[in-house]
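Trainee:
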Amino acid sequence: SQLIIHRDLAARNCLINDEENFVKVGDFGMAKFLSSSSLIYKGKCDTPFPLRWSSPEVL
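See below:
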């Protein structure tokens, strides 16, 4: 919903607070920011796929 694709989501980039039960995602160095009109993201393999139907694991 923020139009950001992280592209490096891994356990090492997740900051966990056990006391307050929340997780923050860090290290946006490889992030891709999309325009509000983008519905397709073209990855490194130059194969477009629709963002609306993609799981977070794919992105």
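Numbering of the sequence shown is given in our numbering, commencing with residue 1 and proceeding in unit increments.
From the three backbone atoms N, C-alpha and C, an ideal C-beta is built for every residue, glycine too.
Please read these numbers as outputs of a predicted model, since none were measured by experiment.
1. Alpha carbon to alpha carbon, what distance is there between lysine 24 and aspartate 18?
2. Give a yes or no on whether the C-beta atoms belonging to methionine 30 and arginine 12 are separated by under 9 Å.
3. Buried or exposed, going by whether 16 or more other CB atoms sit within 10 Å of the CB of isoleucine 4?
4. Give a yes or no on whether the C-beta atoms belonging to leucine 9 and proline 56 are separated by under 9 Å.
Mentor: Answer, in terms of the structure:
1. 12 Å
2. no
3. exposed
4. yes
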